[in-house]
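Undergrad: Here the sequence shown stands for residues 6 to 314, numbered as in the numbering used here. Where is the CB? At the ideal position from N, CA and C, for every residue including glycine. One structure, pasted below without further comment.
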Amino acid sequence: MSESRIGLALGSGSSRGWAHIGVLEVLEENAIPVDLITGTSIGAYVGSAYSAGGLEAIRDYALQMDWRGILANVDVVFPRSGFIDGKRVLKEFEKLTSVTTFEELNLPTYLVAANLVDGKQVVMSSGDLITAIRASISIPGVLTPAKRDGTWLIDGGVANPLPVSVAREQGATLVIAVDLNAEIISGRQRSQERDVQEAVESKQIDVLKGWAERYGLAGNRFTSKLENWFSRDETAPHILNVLGDSLNIMQQQITIANLRACKPDVLIQPKVGDLRMFDFDQGERAIQAGRDAAKQALPEIEKHLGSSA
């Protein structure tokens with residue numbers, strides 16, 4: 006049989022995306038070759054960093070992330086089309102690697118966004134890499150849309166949260182997919198861990214108050230609302246959980262439908278379903294979850310590789 010061309014499909018999932026790092030580490034440690042990468046949203050971010058040769062750099066970045074680091078990347082804008090402009094997020098990526106175009110990447114890489122007008126998938130694989138990443142991670146309502154080649158684009162998770170089909174279209178004969186949207190846990194289910202979450206959110210409030218000071222009068226008004234934003238009133242979830250949980254539900258349903266239509270050869274599903282949109286400070290836990298899931302999938306991967314030898 007002919008040799009397999011291995012495609013790695015990295016799915017969307019905001020903070021759960023640090024699990025992709027753990028999966029990539031295990032593939033490297035076990036000499037599993039990757040011939041091309043497709044990525045959506047956080048999968049586009051991590052996949053591009055890996056393809057640029059920056060896996061170690063992005064791992065260090067994820068492990069160093071705390072709430073102060075998260076807020077350092079938040080550039081608030083007047084909420085016309087999103088709360089965050091996203092320029093600081095891109096500056097952080099530029100610290101990880103000097104690569105700025107697709108043509109400089111070590112592997113063929115295909116990033117997925119969605120056309121804001123018609124909702125169709127847009128696959129980007131040439132030209133400006135930074136703008137393509139920015140488009141793919143543009144979570145509706147959170148990050149402002151990105152304009153590329155005259156078209157307004159939003160987060161690829163709206164159209165294709167797990168880009169298995171893109172990997173097939175680009176010639177992958179063996180597709181390994183990393184799904185971050187399995188076993189999503191809602192805010193109501195998370196209440197079982199209430200004591201832990203209340204302690205975490207108390208620290209988040211303290212950091213947010215310090216961060217808000219830079220915005221003067223507007224910051225003071227924001228600070229006065231923080232306690233209400235983090236209220237435990239079950240009848241009034243705060244806006245970040247509403248946005249995050251709604252997007253999670255949508256992506257989970259689209260992923261299930263897409264997997265029926267286009268199955269990967271190997272499906273890796275790290276146990277990160279309880280992480281919320283902005284839990285980027287949980288890097289160590291997410292990376293380990295990715296490692297654990299990838300190790301469990303190794304026998305299946307090796308079986309596929311053996312049958313194609």
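Taking just the CA atoms, how far does LEU272 sit from ALA302?
TA: Computed Cα separation, rounded: 8 Å.
Undergrad: List in chain order: all unbroken alpha helix (DSSP H) runs of 4+ residues lying wholly within the segment 6–31.
TA: none
Undergrad: Do the segment 146–159 and the segment 34–48 meet, that is, are 3 or more Cβ pairs less than 8 Å apart?
TA: no
Undergrad: From what residue to what residue does the alpha helix (DSSP H) around GLY52 run?
TA: For GLY52, the enclosing alpha helix (DSSP H) covers residues 47–56.
Undergrad: Check the C-beta distance from LEU121 over to ILE159 and give it rounded, since I have them as a contact under 8 Å.
TA: In this structure LEU121 is in contact with ILE159, their Cβ atoms being roughly 5 Å apart against a cut-off of 8 Å.
Undergrad: Across which residues does DSSP place GLN126 in a beta bridge pair?
TA: ALA119
Undergrad: Since VAL169 is in the alpha helix (DSSP H), which residue starts that stretch and which ends it?
TA: VAL169 -> alpha helix (DSSP H) spans 169–174.
Undergrad: Using 9 Å as the threshold, is the C-beta distance between GLY16 and GLY162 below it?
TA: A distance below 9 Å separates the beta carbons of GLY16 and GLY162.
Undergrad: Measure how close the beta-carbons of LEU110 and ALA57 come, nearest whole angstrom, since I'm counting them as under 8 Å.
TA: Sure, about 6 Å apart at Cβ, within 8 Å.
Undergrad: Is it the case that the Cβ atoms of ALA14 and ALA266 are separated by a distance below 9 Å?
TA: no
Undergrad: My understanding is that VAL127 touches VAL171, with C-beta atoms under 8 Å, so please give their C-beta distance in whole angstroms.
TA: In fact, because the Cβ distance is near 11 Å, the residues do not count as touching under 8 Å.
Undergrad: Alpha carbon to alpha carbon, how far is PRO304 from VAL31? Give it in angstroms, no decimals.
TA: Looking at the two C-alpha atoms, the distance is approximately 12 Å.
Undergrad: Which residue from GLY124, VAL147, VAL117 puts its Cα closest to that of SER2?
TA: Here the chain comprises residues numbered 6 to 314, so residue 2 is not present and cannot be evaluated.
Undergrad: Could you spell out the range, first to last residue, of the alpha helix (DSSP H) harbouring THR136?
TA: Segment 134–141, the alpha helix (DSSP H) holding THR136.
Undergrad: Which class does ARG64 belong to by DSSP, given the choice of helix, strand or coil?
TA: helix
Undergrad: Spell out the partners DSSP gives ARG153 in its beta bridges.
TA: THR156
Undergrad: Which whole-angstrom value is the C-beta distance of VAL28 and ALA298, which I expect to be below 8 Å?
TA: 7 Å
Undergrad: Would you please state the rounded distance, in angstroms, between the beta carbons of ALA62 and ILE26? I believe it to be under 8 Å.
TA: Actually they do not touch by this definition, with Cβ atoms about 11 Å apart.
Undergrad: Which residues in the same chain have their Cβ closer than 7 Å to the Cβ of LEU310, if we skip the five residues on either side of it in sequence?
TA: SER9
Undergrad: Can you list, in chain order, the residues of its chain whose CB lies under 6 Å from that of PRO269, leaving out five sequence neighbours each side?
TA: VAL169, VAL180, ALA182
Undergrad: Is it buried or exposed, SER141, if we count other Cβ atoms within 10 angstroms and call 16 or more buried?
TA: buried
Undergrad: Which class does ALA299 belong to by DSSP, given the choice of helix, strand or coil?
TA: helix
Undergrad: Am I right that ILE135 and PHE98 are in contact with their C-beta atoms under 8 Å? What's the rounded C-beta distance?
TA: 7 Å
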